[in-house]
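Input: a single structure, listed below in structure tokens.
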Amino acid sequence: MFSPQPSKMYKLYKQTQERRSRIRIASVRVVTYKMFDGTELNWVTENVAGMAAEDDLTQLLRRCAERDPLALRALYDAMAPTMLGVALRLLRNRPHAEETLQDAFLQIWRNADRFDTSRGSPKAWMIGILRYRALDRLETERRHTGTDELPDVAADMPVDIEDSRALSSCIGELPENWRRSVVLSYVEGYSHSEIADLTKTPLGTIKSWIVRALDALKKCLER
Amino acid sequence: MSDHITPTPDRAGLYVLGLLRGQERCDFEADLATDPALSLEVAAWEVRLLPLSLAIPPVEPSHTVWQEIERILSPRDAAATPLPRIAWHRRSSWREIWWDNIAVWRGFGALAAAAAIALVVLRPQPSAAPHMVAVLANASGPMFTVALRSDGAMSIAPVAPIAPPAGKVWQLWAVAGGEKPIPVGFVEPRRTALPRNDMPADMRKPEILMAVTVEPPGGSPTGQPDTPIVFSGPLLPMGGS
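Chain order of the listed sequences is A and B.
Counting from 1, position 110 in the first sequence corresponds to residue 103 in the working numbering; the numbering is continuous, with no gaps.
Counting from 1, position 156 in the second sequence corresponds to residue 159 in the working numbering; the numbering is continuous, with no gaps.
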């Protein structure tokens, strides 16, 4: 089937919603969307991060590959808040983060046919697209501003990563120093030397912590 | 976990963490473009580190973000470049507006160019993007879209649910002006992928007409279309390719 009629997409979403509500209560809203052509569609949505099921996202990506703009909107609803959260942590600038989010979705639309389920999860793929764009921006900007004006984030370190999903994973098993270094790079976008400055730790030690953290994560997940 | 022996740095892991910068990152991305195993490692790291991204509190985007995405993808704005439109002899539906406006395809081409380096690096499938497209239409509007890759592989998708007459098949032809039609393959009621050699190399160029006729199963017994064309449309180049 090339693309769903709105009623079918609605049904798909409704099923998804029912499946989700069995797991936990999500904040559900019904939104009327105006599509590219002006047609309207009532959509059931919710914005709890990470709630969208991977197989539904895979289906939506497939429909994007078939040039179905409704599917792009559905993907946006499912993932944009999570992705903006990620971009904001990296860029610390809302306009820049929103521009990056926008670029990422244009790229997702353009390249949906390149998503390969055997190579990863749709969430990881979409967040990856956003992250590499944000990192590009970060590199360009750091080159201009230098690293002298870095805020002392070590003080407000609890990155809200004390979330059960992350903690229950292998990341939560890392020694505190290693995990903090991983979070400062992956979540906050700091380089090795910036992390060394922020944590008042020798650069070599930071590099070693990160290499060991990666090694431990890999082994933990292979267990 | 040893406290004394530091393992060999995992470049894919460092890359996904965002710790390869400048030249190191460029070098890695160059390797990534040519090394499928490396890109699998990157994908694996993206999944391993995903819980950290999902643990970041989500932030609702301003409504202008979607509006802007919609504006960029909307044919109404892409039509700023005056380009010939395919006439459809009836009121336009959004699918037609979307599909028949070549400016949209050009827009995609421009986007692709802008993102090309990162993409080739991330998902190294250089020939996956369509090289040319065609919209096969009849008097009531577009029926199928054809995407032709530069290596000749073709993907054909119906615009809306549709099936050939009972007991018949749709046969696809490529027609150069004044020449005999060349049989290219069969069109299914669902998305169909035709292998790369089915479309002759000398027919992979703009303005070649892609046409569909209704034929008995197995295709036209004479090797030439025996019935009138039911849908057709010219191949059009994608901008930037």
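Backbone N, C-alpha and C define an ideal beta-carbon position, used for all residues, glycine too.
What are the start and end residues of each continuous alpha helix (DSSP H) run of 4 or more residues lying completely inside the stretch 54 to 99 of chain A, in chain order?
-> 62 to 84
Endpoints, the beta strand (DSSP E) within which residue 44(B) is located | Segment 39 to 51 is the alpha helix (DSSP H) holding residue 44(B); no beta strand (DSSP E) there.
Residues of the stretch 91 to 103 of chain A with a CB closer than 7 Å to any CB of chain B: list them in chain order, please.
-> Correct list: 91, 94, 95, 98, 99, 100, 102 and 103.
Cβ pair count under 8 Å reaching 3, the stretch 160 to 177 of chain A against the stretch 119 to 134 of chain A | no
Do residue 25(B) and residue 179(A) have their C-beta atoms closer together than 8 Å?
-> no
Could you check what DSSP says for residue 139(B) in three-state terms: helix, strand or coil?
-> Under the three-state reduction of DSSP output, residue 139(B) falls in the strand class.
For residue 173(B): DSSP bridge partner residues = 190(B) and 217(B)
Between residue 114(B) and the rest of its own chain, which residues show a CB-CB distance below 6 Å, the 5 nearest in sequence each way excluded?
-> In this predicted model, residue 114(B) has a pLDDT of only 46, less than 50, meaning its place in the structure is not dependable; the value taken from the coordinates is given anyway. For residue 114(B), where only same-chain residues beyond five positions count, there are no Cβ hits under 6 Å.
Using a Cβ-Cβ distance under 8 Å, would residue 41(B) count as near chain A?
-> No, residue 41(B) does not count as interfacial toward chain A.
For residue 146(B), which residues of its own chain have a beta-carbon under 7 Å away from its beta-carbon, when the five flanking residues on both sides are left out?
-> Around residue 146(B): 139, 140, 161, 162, 165 and 234.
At a Cβ threshold of 8 Å, is residue 82(A) touching chain B?
-> yes
What is the C-beta distance between residue 208(A) and residue 34(B), in whole angstroms, given that I count them as a contact (C-beta under 8 Å)?
-> With a Cβ gap of about 20 Å, residue 208(A) and residue 34(B) do not count as contacting.
With residue 77(A) and residue 62(B) assumed to form a contact (beta carbons below 8 Å), what rounded beta-carbon distance in angstroms separates them?
-> 5 Å
From residue 159(B) to residue 67(A), what distance separates their C-alpha atoms?
-> 24 Å
How about residue 138(B): is its C-beta nearer than 8 Å to some C-beta of chain A?
-> no
So, is the C-beta of residue 50(A) closer than 8 Å to a C-beta in chain B?
-> At a cut-off of 8 Å between beta carbons, residue 50(A) makes no contact with chain B.
From residue 49(B) to residue 39(B), what distance separates their C-alpha atoms?
-> 15 Å
Positions along the stretch 50 to 76 of chain B whose CB lies within less than 7 Å of some CB in chain C | No chain C appears in the structure shown, which is made up of the protein chains A and B.
Check whether the Cβ atoms of residue 190(B) and residue 211(B) lie closer than 8 Å to each other.
-> no
Using alpha carbons as the reference points, say which of 192(B), 135(B), 151(B) and 228(B) lies closest to residue 240(B).
-> 135(B)
Does DSSP put residue 72(B) in a helix, a strand or coil?
-> helix
Can you check whether the CB of residue 102(A) is closer than 8 Å to the CB of residue 236(A)?
-> The displayed coordinates of chain A run from -6 to 216. Any statement about residue 236(A) would go beyond what the structure contains.
Chain-ordered neighbours of residue 59(A) on chain B, where CB pairs are closer than 8 Å = 160 and 194
If we ignore side chains and look at the alpha-carbon of each, how far apart do residue 123(A) and residue 109(A) end up?
-> 17 Å
For chain B, is any of its Cβ atoms less than 8 Å away from the one on residue 198(A)?
-> no
Assumed close pair residue 214(B), residue 184(B) - CB separation to whole angstroms, cut-off 8 Å | 7 Å
Spell out whether any CB of chain A is found under 8 Å from the CB atom of residue 12(B).
-> yes
Residue 144(B) versus chain A: which residues are under 8 Å apart at the beta carbon?
-> Here the premise fails: no neighbours, minimum Cβ distance about 14 Å.
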